[in-house]
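Chemist:
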Amino acid sequence: LITRGIGYLNRVKDVTPKAGDSFLSCTVAALAGPVDEPEYRYFDTIVATPEAEHLVRRCVQAIEGDRKVLIAFRLNDMKIDPYIRTKGEHAGEPAASLESTLVHIGLIKIDGTQVYPTSQAQPEAPPAEDASASEADDAIDTATEPAEREPEAQVEEQEPALAASF
């Protein structure tokens, strides 16, 4: 099961279990619902790839400085972890947390300013067109055509809503 979304990165920490290798964990507060009335879904994650770990570690200082770190993420292998609350007015009540592995980060914004991918990283893609311009154009045309059963108007309506939520 793969889950994609945007949300805020929180509680980054290195975990060293008694048995096994240490790992990096964090919580993602995923945004859900309308932009003007967002709701949050909380995922306790283990950072599973070296690329994602590098990007999360780059954000630690901003998170500790109480800055808002928004990421576009991809999670994998989601599970529910039921438990009984032990503190507060709800002590003794059953509850659950969602656990997953963080496998990809596609965007990072700190206090609304995009820091990843940087504008320097984006110009690296165009040199691929040097190989054969006509083949590249054919590949681009093929990739942007909607699937036979997918109405083109529906795709156009959804994309601006996702972009506006960043």
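Each residue of the sequence shown is one higher than the one before, counting from 1 in full-length UniProt numbering. Just so you know, even glycine gets a beta-carbon here, dropped at the ideal spot from N, CA and C. As the structure is a computational prediction, the values presented were derived from the model and not from experiment.
Go through its chain and collect everything with a Cβ distance to I105's Cβ below 6 Å, but skip five positions before and after it.
Modeler: These residues qualify, in order along the chain: A52, L55, I71 and F73.
Chemist: Whole angstroms are fine: how far does the CA of A48 sit from the CA of K109?
Modeler: If I take the Cα positions, the gap works out to 21 Å.
Chemist: Would you tell me roughly how many angstroms separate the C-alpha atoms of R4 and P117, rounded to the nearest one?
Modeler: Cα-Cα distance, rounded: 17 Å.
Chemist: Ends of the beta strand (DSSP E) at P94?
Modeler: P94 to I110 is the span of the beta strand (DSSP E), which, as asked, contains P94.
Chemist: Which term fits V35, buried or exposed, when burial requires 16 or more other beta carbons within 10 angstroms of its beta carbon?
Modeler: It is exposed - the Cβ of V35 has fewer than 16 other Cβ atoms within 10 Å.
Chemist: Could you give the residue range of the beta strand (DSSP E) that holds R85?
Modeler: Taken as a continuous stretch (DSSP letters only), R85 belongs to no beta strand (DSSP E), as it is neither H nor E.
Chemist: Are at least three pairs of beta-carbons, each pair with one atom in the region 57-66 and one in the region 4-15, less than 8 Å apart?
Modeler: Result yes; three or more Cβ-Cβ pairs closer than 8 Å.
Chemist: With 16 as the cutoff for other CB atoms within 10 Å, does T45 come out buried or exposed?
Modeler: When all chains shown are included, T45 counts as buried.
Chemist: Which residues mark the beginning and the end of the beta strand (DSSP E) in which A91 is found?
Modeler: Per DSSP, A91 belongs to no beta strand (DSSP E) and is neither H nor E.
Chemist: Can you tell me which of L31, T16, Q114 and L102 puts its alpha carbon nearest to the alpha carbon of M78?
Modeler: When each option's Cα is compared against that of M78, the closest is L102.
Chemist: Reducing DSSP to helix, strand and coil, say where L1 ends up.
Modeler: Correct three-state label for L1: coil.
Chemist: Note down, in chain order, each residue of its chain lying with its Cβ closer than 8 Å to the Cβ of A95, except the 5 sequence neighbours on either side.
Modeler: Same-chain partners within the cutoff: P82, Y83, I84 and R85.
Chemist: Helix, strand or coil: how does DSSP classify A19 here?
Modeler: Residue state, collapsed to three classes: coil.
Chemist: Which word fits L1, buried or exposed, when buried means at least 16 other C-beta atoms lie within 10 angstroms of its C-beta?
Modeler: Exposed is the call here.
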